[in-house]
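Data block below; observations after.
Number of protein chains: 2
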Amino acid sequence: MAGRPRNEQARRDILRTAADLASVDGLDGLTLGRLSTTLGLSKSGLFGYFGSKEELQLATVRRATEVILDEVITPALRIPPGVERVRALCARWLDYSRTRVFPGGCFFFAVMAEFDARPGPLREALAEGSRAWTGLITSSIAEAVELGELAEDTDPAQLAFELIAFMENANSVSLLQDDADAYRRAERAIGNRLGGRRSVITD
Amino acid sequence: MAGRPRNEQARRDILRTAADLASVDGLDGLTLGRLSTTLGLSKSGLFGYFGSKEELQLATVRRATEVILDEVITPALRIPPGVERVRALCARWLDYSRTRVFPGGCFFFAVMAEFDARPGPLREALAEGSRAWTGLITSSIAEAVELGELAEDTDPAQLAFELIAFMENANSVSLLQDDADAYRRAERAIGNRLGGRRSVITD
DNA sequence: CCTACCGATCGGTAGG
DNA sequence: CCTACCGATCGGTAGG
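Heads up: the protein sequence lines correspond to chains S and H, in order.
Start counting the first sequence at 1; every next residue gets the next number (full-length UniProt numbering).
Start counting the second sequence at 1; every next residue gets the next number (full-length UniProt numbering).
Okay, structure coming up:
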């Protein structure tokens with residue numbers, strides 16, 4: 001709104017780089033000095049875009065949210081409501097993590113663990129993003145139940161908790177152990193929960 | 001081994017405080033200045049215990065491992081092998097997270113997300129701890145299968161992945177959303193996986 | 001957008 | 001274990 005329209009694209013590019021750095025080193029590890037060096041501009045020039053370190057951090061969170069919308073949510077929502085949409089949300093998210101759209105894996109996983117115990121605007125922004133994602137999975141599951149594609153005694157919030165747990169743990173294990181098998185484990189767990197298959201004899 | 005035996009307990013106390021601070025602010029956010037002020041001793045006096053920031057960080061990881069052994073693993077291993085031991089490991093871990101033995105929730109969750117994309121001795125130490133925990137859950141599940149207390153087609157590594165996912169996600173959601181329900185969701189998911197109950201009509 | 005700077009804090013050292 | 005420092009880097013400002 002109160003903007004520098006001419007610099008809007010430059011600002012977006014700066015924030016995309018900031019999100020890459022923060023996915024590895026965290027939003028505190030994201031310093032004005034390192035970011036300005038990476039971008040090849042002066043520290044005070046960079047600072048002028050944001051006015052404070054905290055505003056840079058908040059703007060980076062908003063930019064990373066856009067990336068997830070583009071990479072995961074918008075494509076998955078092209079699938080009509082039902083269990084296939086839930087599957088697509090999970091599959092897109094796992095691809096987003098696995099292909100390292102951010103070099104440190106999921107941006108939100110990295111920074112939520114950094115701020116989840118530190119009250120302030122960053123924690124609130126991250127909590128809001130997490131609620132929106134959980135809400136989207138929950139309501140997509142509820143639609144699939146209404147359509148008769150999932151068992152009618154399914155608790156959508158409970159199942160959403162479980163699916164998100166599988167996705168986040170795949171991200172975490174694959175990063176820490178350098179073990180891409182974690183994604184196959186998550187896919188198998190998700191397939192079992194959504195496909196009605198009871199046993200583990202899946203593939 | 002090559003020790004200052006007289007200072008051993010002081011060192012342990014220092015590291016217990018360091019683990020508390022790091023669970024909230026991370027192992028980078030753990031600075032010699034803040035830790036020395038918290039403890040009421042001089043920065044160089046504190047420094048002398050460790051010789052480098054990285055050694056302080058590594059020693060803090062080892063001290064936090066002891067806490068988990070005392071709070072979670074040793075008590076659970078008093079239960080004989082079988083599904084009740086698996087249940088006890090999960091229940092103890094959830095209590096350890098829920099009661100905020102560390103003020104920032106599970107110490108390892110906080111610092112694994114910090115270092116999982118940053119090669120070096122800290123990432124290796126955390127990866128080793130994570131492998132040991134995953135291995136303990138996996139072998140405890142395998143024992144329960146051998147005892148006929150879990151279905152014989154159970155894949156222990158797969159089930160361990162799923163149980164750990166539920167535990168970590170409960171820790172994460174409870175911290176970020178201030179929502180203790182997350183622990184009930186994890187308990188329900190774990191109960192369903194270990195108790196053979198299919199439906200969600202659990203409590 | 002830049003150069004040049006500010007006080008505070010960082011990890012670490014000298015010397016006792 | 002302490003006081004007193006070191007150079008580097010932090011977020012941020014002055015002035016252009």
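Idealized CB from N, CA, C, for every residue including glycine.
In the structure shown, the three-state DSSP call for H:Leu126 is helix.
For S:Gly40, the secondary structure class from DSSP, reduced to helix, strand or coil, is coil.
In terms of beta-carbon proximity, H:Arg185 lines the interface with chain S, with at least one pair separated by less than 8 Å.
Going by beta carbons, S:Gly82 and S:Leu147 fall inside the 8 Å limit. At a cut-off of 8 Å between beta-carbon atoms, H:Pro103 makes contact with chain S.
Between the alpha carbons of H:Asp178 and H:Arg100 lies a distance of about 12 Å. Contact annotation for S:Glu168 against chain H: Ala165, Glu168, Asn169, Ser172 [CB-CB distance below 9 Å, chain order].
At a cut-off of 8 Å, the C-beta of H:Glu114 has a neighbouring C-beta in chain S.
In this structure H:Thr37 is exposed. Its beta-carbon is surrounded by fewer than 16 other beta-carbon atoms within 10 angstroms.
Contact annotation: H:Arg123 and H:Leu194 have beta-carbon atoms that are not nearer than 8 Å. Judged by their CB atoms, S:Ala165 and S:Ser174 are not nearer to each other than the 8 Å cut-off. Residue contact with chain S for H:Asp20: absent (no Cβ-Cβ distance below 8 Å to any residue of chain S).
Nearest to S:Ala19 by alpha-carbon distance, out of S:Trp93, S:Thr60, S:Ser140, S:Ser172, is S:Thr60.
Taking a C-beta distance under 8 Å as the contact criterion, H:Asn171 and H:Gly129 do not qualify as a contact pair. The beta carbon of H:Gly26 sits closer than 8 Å to some beta carbon of chain S. When Cβ-Cβ separations below 8 Å define contact, S:Leu30 makes no contact with chain H. Counting the other Cβ atoms within 10 Å of the Cβ of H:Gln9 gives fewer than 16, which makes it exposed. Per DSSP, the unbroken alpha helix (DSSP H) holding H:Ser174 starts and ends at 156–177.
At least one C-beta of chain H is nearer than 8 Å to the C-beta of S:Phe109. For H:Ser23, the enclosing alpha helix (DSSP H) stretches over residues 8–29. If you check each beta-carbon in the segment 127–145 of chain H against every beta-carbon of chain S, the ones closer than 9 Å belong to Ala127, Ser130, Arg131, Thr134. Around the beta carbon of H:Ala113, 16 or more other beta carbons lie within 10 angstroms, which makes this residue buried.
Note on geometry: alpha-carbon atoms of S:Ile14 and S:Leu39 lie some 7 Å from one another. Within the same chain, Leu30 come within 6 Å of S:Leu21 by CB-CB distance, once the 5 residues on both sides are set aside.
Between H:Leu58 and H:Ala151 a beta carbon distance of about 41 Å is seen, past the 8 Å cut, so the two are scored as non-contacting. Contacts between S:Leu175 and chain H, judged by CB atoms closer than 7 Å, involve Asp116, Ala117 in chain order. At a Cβ-Cβ threshold of 8 Å, H:Val67 and S:Ala117 do not count as neighbours. Under the three-pair Cβ rule at 8 Å, the segment 42–50 of chain H does not count as touching the segment 135–144 of chain S. Using a 10 angstroms sphere on the CB of H:Pro156, the tally of other CB atoms reaches 16 or more, which defines it as buried. Not a single CB atom of chain S sits nearer than 8 Å to the CB of H:Glu149. Within chain H, Gln158 have C-beta atoms less than 8 Å from the C-beta of S:Arg188, given in sequence order.
By the CB criterion at 8 Å, S:Arg63 and S:Arg131 fall outside the cutoff.
In the three-state scheme derived from DSSP, where H, G and I count as helix and E and B as strand, H:Leu94 is classed as helix.
For the options S:Leu56, S:Leu32, S:Phe109, the alpha carbon positioned closest to that of S:Glu168 is the one of S:Phe109. For H:Phe161, the nearest beta carbon of chain S is closer than 8 Å to its own beta carbon.
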